[in-house]
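Heads up, the thing below is written out as structure tokens.
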Amino acid sequence: MARIPIRDRVAIIGAGYTKFGERYDKGVEDLLVEACGDAFKDAGVAKTDIQAGWAGIQYWFTGLSGGTLADGIKLYGIPMTHVENYCASGMDAFRNACYSVASGVNDLVLACGVEKLTDQTGTGLPGFTELGHPVLPLPSAPAMFGMAAWRCFHDYGWTKEDLARVAVKNHANGAAHPKAHFRNPVTIEDVMRAPMIADPLGRYDCCAMSDGAAALVLTTPDVAPSYVRNGNFVVVKANAIATYSNTPWYVPSFPFTGFWSTQKAAELAYKEAGVTDPRKEISLAEVHDCFTITELVNCEDLGFCDRGKAPEELKKG
Numbered sequence: 000m001a002r003i004p005i006r007d008r009v010a011i012i013g014a015g016y017t018k019f020g021e022r023y024d025k026g027v028e029d030l031l032v033e034a035c036g037d038a039f040k041d042a043g044v045a046k047t048d049i050q051a052g053w054a055g056i057q058y059w060f061t062g063l064s065g066g067t068l069a070d071g072i073k074l075y076g077i078p079m080t081h082v083e084n085y086c087a088s089g090m091d092a093f094r095n096a097c098y099s100v101a102s103g104v105n106d107l108v109l110a111c112g113v114e115k116l117t118d119q120t121g122t123g124l125p126g127f128t129e130l131g132h133p134v135l136p137l138p139s140a141p142a143m144f145g146m147a148a149w150r151c152f153h154d155y156g157w158t159k160e161d162l163a164r165v166a167v168k169n170h171a172n173g174a175a176h177p178k179a180h181f182r183n184p185v186t187i188e189d190v191m192r193a194p195m196i197a198d199p200l201g202r203y204d205c206c207a208m209s210d211g212a213a214a215l216v217l218t219t220p221d222v223a224p225s226y227v228r229n230g231n232f233v234v235v236k237a238n239a240i241a242t243y244s245n246t247p248w249y250v251p252s253f254p255f256t257g258f259w260s261t262q263k264a265a266e267l268a269y270k271e272a273g274v275t276d277p278r279k280e281i282s283l284a285e286v287h288d289c290f291t292i293t294e295l296v297n298c299e300d301l302g303f304c305d306r307g308k309a310p311e312e313l314k315k316g
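If you use numbering that gives the first Met the number 0, the sequence shown closes out at 316, no skipped numbers anywhere.
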């Protein structure tokens, strides 16, 4: 049975987000209030207009259920759902909200994400101790993505300097954004000299643990003009998530030079949106960059450049 299409059935009419970083001044509920409040204001809606909400939360110490969102914004009596799906938690909350609107179940919904990580210890991602393996009993994200970097070095001739250019670009973007965690530009030399985290990934190649929240208000394109003027809303063309193994690094055939789930999700999204040449048709992409190597590999998985050519494209700007 064919799934309900999202294309042109959902509109984003409001967005809000907090400053990201070491937010010891804010609790989880405070972050939700800040992000959701800004989204409601941007959309021109009252929180009581919201008919359902989804919150992307990965870690149990941030929130165990949809009640975390309900308590945060003090909105009870409607469906509030906790979505947990690793790095895609926020995106999956958005996907569920989109389907709710596209199917006609709800007219006005909230999708958000929140994490409060800096209150935890600095011993790596919480929960990894539960992922057992006979050879690698305690994996870490830097170590796993470090293996991907070495494989790309071997297969494509990439270098640590290629990774450094990603960090330089992204820190330059952060330096210009008032709500970014880090607002300090760095040079290639800074990145190359930084302390090693998991060879070949140094400090500037790795994302930091951060606190923050973001929220979106969704409705239908027909209803959107009643809330926002001058067509100031975004119509969703597609949304796709594809799942692979929980521990792909341990699959003998895993190539380390690409992520099948990203490739499949892109294929599904492009098909629904009618995109046949992403490099020519997509003018802006926010690409996952938990590590510098991740961004380069993802750019190739998303079809923005040929295999092994991402560093060359980055050099060209």
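We put the beta carbon where it would ideally sit given N, CA and C, even for glycine.
Just so you know, these numbers come straight off a predicted model, no measurement behind them.
Starting from the Cα of residue i, find the closest Cα among the options and give me that residue.
| i | options | result |
| --- | --- | --- |
| residue 52 | 82, 37, 63 | 82 |
| residue 67 | 235, 162, 114 | 114 |
| residue 7 | 272, 313, 316, 309 | 272 |
| residue 11 | 249, 264, 209, 39 | 39 |
| residue 45 | 210, 226, 17 | 226 |
| residue 118 | 223, 58, 312 | 58 |
| residue 49 | 17, 91, 96 | 96 |
| residue 84 | 245, 291, 78 | 245 |
| residue 249 | 191, 139, 188, 280 | 139 |
| residue 9 | 289, 283, 238 | 238 |
| residue 3 | 17, 78, 98 | 98 |
| residue 173 | 19, 195, 268 | 19 |
What three-state label does DSSP hand residue i in the structure shown?
| i | result |
| --- | --- |
| residue 292 | helix |
| residue 218 | strand |
| residue 81 | strand |
| residue 155 | helix |
| residue 195 | strand |
| residue 226 | coil |
| residue 53 | strand |
| residue 69 | helix |
| residue 205 | strand |
| residue 200 | strand |
Beta-carbon within less than 7 Å of residue i's beta-carbon, same chain only, minus the 5 sequence neighbours each way: which residues are those?
| i | result |
| --- | --- |
| residue 185 | 166, 167, 170, 203 |
| residue 75 | 69 |
| residue 293 | 144, 287 |
| residue 148 | 162, 199, 200, 292 |
| residue 205 | 141, 196, 290 |
I'd like the list of long-range same chain contacts for residue i, defined as Cβ closer than 6 Å, with 5 residues on each side in sequence excluded.
| i | result |
| --- | --- |
| residue 93 | 110 |
| residue 13 | 38, 41, 42, 216 |
| residue 157 | 151, 310 |
| residue 155 | 307 |
| residue 161 | 310 |
Taking the straight line between their C-alpha atoms, what separation do you get for residue i and residue j?
| i | j | result |
| --- | --- | --- |
| residue 193 | residue 199 | 11 Å |
| residue 22 | residue 251 | 41 Å |
| residue 100 | residue 188 | 49 Å |
| residue 17 | residue 181 | 14 Å |
| residue 281 | residue 275 | 10 Å |
Kindly list the residues whose CB is nearer than 8 Å to the CB of residue i, restricted to its own chain and excluding five residues on each side of it in sequence; keep chain order.
| i | result |
| --- | --- |
| residue 26 | 115 |
| residue 257 | 296, 299, 300, 306 |
- [ ] Return the chain-ordered ranges of every alpha helix (DSSP H) run that is complete within the segment 83-123 and spans a minimum of 4 residues.
- [x] 88-101
Open item on the list: Quick check for students: name the residue ranges of the alpha helix (DSSP H) that lie wholly in the segment 9-49, counting only runs of 4 or more.
Closed with: 27-42
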